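Heads up, the sequence shown stops at 167 in this note's numbering, and the numbers go up one at a time, no gaps.
By construction, the Cβ of each residue, glycine as well, lies at the ideal position given by its N, Cα and C atoms.
Note that the structure is predicted; figures quoted are calculated from it, not measured.
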Amino acid sequence: MSPQCSVVVCETSQSLSTLRAEMARLRSMLGGDIVQSRPYRIEGSVTSDWRMVERHLDGGDLRSAVPAYSGPLLPQSTAPGVVARREQLELRLRSAILESGSVDLLTTWTRSRSGIGDLDAWEAQWRLLPQGSPLATMSHNEVVRLRIEYGLDPQTGRIARS
Numbered sequence: 006m007s008p009q010c011s012v013v014v015c016e017t018s019q020s021l022s023t024l025r026a027e028m029a030r031l032r033s034m035l036g037g038d039i040v041q042s043r044p045y046r047i048e049g050s051v052t053s054d055w056r057m058v059e060r061h062l063d064g065g066d067l068r069s070a071v072p073a074y075s076g077p078l079l080p081q082s083t084a085p086g087v088v089a090r091r092e093q094l095e096l097r098l099r100s101a102i103l104e105s106g107s108v109d110l111l112t113t114w115t116r117s118r119s120g121i122g123d124l125d126a127w128e129a130q131w132r133l134l135p136q137g138s139p140l141a142t143m144s145h146n147e148v149v150r151l152r153i154e155y156g157l158d159p160q161t162g163r164i165a166r167s
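The following block contains the structure:
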């Protein structure tokens with residue numbers, strides 16, 4: 006049993022040294038008043054942009070939620086919980102923008118990383134803009150481009166025949 010205990014002790018001390026290094030890194034980034042030791046813990050309140058967006062959406066304040074959305078939540082993460090939260094937040098925000106009928110919000114969305122290829126948003130934006138508006142012309146051109154890219158008829162938006 007002694008060899009097994011010695012391996013566990015090695016693994017534990019290696020894990021502890023990794024933990025210490027990570028906590029030191031966090032302390033240097035966040036400050037000693039936030040990262041506490043004995044036991045290691047984070048003190049104080051922590052905020053995040055995605056929680057702010059959720060709070061605005063929960064409160065029905067879409068005009069504050071849209072500018073608070075800085076982009077997809079941890080876009081490089083493949084952790085299932087993060088992916089689910091990222092997709093849920095983006096879908097919720099997108100749906101609210103589309104339902105709003107607000108050209109300003111649609112324009113903000115279609116200029117974002119998430120909305121640049123959103124055909125539904127571009128079509129809604131194009132429909133809401135007055136004819137003759139330079140933005141309407143640009144929106145129409147983007148609708149046509151996206152329809153072609155997605156294999157749809159550029160005029161009708163229906164599935165193109167091969």
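Span of the alpha helix (DSSP H), counted from its first residue to its last, around residue 84
Where residue 84 is concerned, there is no enclosing alpha helix (DSSP H), because DSSP gives it neither an H nor an E.
Who are the Cβ neighbours of residue 165 in its own chain at under 7 Å, not counting the five residues just before and after it?
156, 157, 158
Tell me whether the segment 109-119 and the segment 70-84 touch, counting them as touching only if at least three CB pairs, one residue from each stretch, are closer than 8 Å.
Cβ pair count under 8 Å is three or more, so yes.
What's the C-alpha gap between residue 100 and residue 39?
37 Å
Counting Cβ pairs closer than 8 Å, one from the segment 78-93 and one from the segment 101-110, do we hit at least three?
no
Using a Cβ-Cβ cutoff of less than 6 Å, which residues in the same chain neighbour residue 148 once the five nearest sequence positions on both sides are dropped?
127, 128, 131
Nearest to residue 44 by CA position, among 21, 61, 33, 55, is which residue?
The option with the nearest alpha carbon to residue 44 is 21.
Can you give the Cα-Cα distance for residue 66 and residue 23, rounded to whole angstroms?
43 Å
Alpha helix (DSSP H) runs wholly inside the segment 8-76, at least 4 long, in chain order
54-63, 67-73
Backbone secondary structure at residue 157 - three-state DSSP
strand
Around the C-beta of residue 86, are 16 or more other C-beta atoms found within 10 angstroms, so that it is buried, or is it exposed?
exposed
Taking C-alpha atoms, which residue in 140, 138, 78 lies nearest to residue 118?
The shortest Cα separation from residue 118 among 140, 138, 78 belongs to 78.
Option in 135, 124, 68 with minimal Cα separation from residue 152
124
Residue 78 lies in the alpha helix (DSSP H); which residues open and close that run?
Looking at the DSSP string, residue 78 is not in any alpha helix (DSSP H), and its letter there is neither H nor E.
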